[in-house]
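Residue 53 is where the sequence shown starts when you use this note's numbering, and the numbers rise one by one after that. A virtual CB, placed ideally from N, CA and C, is assigned to each residue, including glycine.
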Amino acid sequence: DDSPLQLTRKMEVTINATVKVHCPIQRFFGQYWKLYSVASVSDKPDWTKPLQNPPFKSENTPSSIRISTHSLSWGVYLLNFSVYIVTHDPKIPLKKDSDSIYIIIVKSPLQAVIPGDTNITVNFTDGLTLNGNMSSDPDAENPLEGLQFFWYCTTDPRNYNGHEITVRSKEVCLPEQVDLRWTWAS
């Protein structure tokens, strides 16, 4: 399967390679992993410029690596696994082969959470606190890091269309208003 491996920054993954070798005159067998940043899937990397400090550790065998959480930035990578054999016979040249897989690190959708009922009715003189502290960026090590909270209210349910909100002037109040009085909506 040549499909790219799609991960989020919060995911950890172990990648295994299978190597079968039969060489009775083998002197040395080597295997190694290299990671390259690429612009998009199917782009070829500059093979002379792998990432200098790849964010993975070899497991018990060199044919297995573990990429830990938050170790790769968003983007597309090419992970290459190479093997080579040196024989006792100097007339037989170095034998090598490799295989690669594309890895795409995608952004997770933000999680917006306001605890409480979906529909809230309060007296006009009563206070109402909307607490978004349970919201999160699933990819961030600190889930609230970088989040900014904005709100508006509406009297028109058509303003809610899936996840997109259309702001219409007469039906909407905005955060910069000091109260919920719509002076322009007479």
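Checklist line | Euclidean distance between Cα positions of Asn105 and Phe133 | finding: In this structure, the CA atom of Asn105 is about 16 Å from the CA atom of Phe133.
Notebook entry, point to check: When we look at the beta-carbon of Ile172 and count the other beta-carbons within 10 Å, is it buried (16 or more) or exposed?
Noted result: Exposed is the call here.
Next item on the list: Report the option in Val65, Thr70, Arg61 whose CA atom is closest to the CA atom of Asp151.
Entry: Of the residues Val65, Thr70, Arg61, the one whose Cα lies closest to the Cα of Asp151 is Thr70.
Margin query: For a minimum of 3 consecutive residues, which ranges assigned as the beta strand (DSSP E) are wholly contained in the stretch 125-204?
Written below: Taking only runs of at least 3 residues, the beta strand (DSSP E) segments lying wholly in the stretch 125-204 are 127-139, 147-158.
Notebook entry, point to check: What's the C-alpha gap between Asp141 and Phe81?
Noted result: The straight-line gap from Cα to Cα measures roughly 14 Å.
Check: Count the other CB atoms within 10 Å of the CB of Asp95; is the residue buried (16 or more) or exposed (fewer)?
Finding: Counting of Cβ neighbours within 10 angstroms places Asp95 among the exposed residues, the total staying below 16.
Note to self: Less than 6 Å between C-beta atoms, sequence neighbours within five positions excluded: which residues of the same chain meet that for Ser160?
What the structure shows: Apart from the 5 residues on each side of it in sequence, Ser160 sits with its Cβ closer than 6 Å to the Cβ of Thr60, Pro190, Asp191 in its chain, given in chain order.
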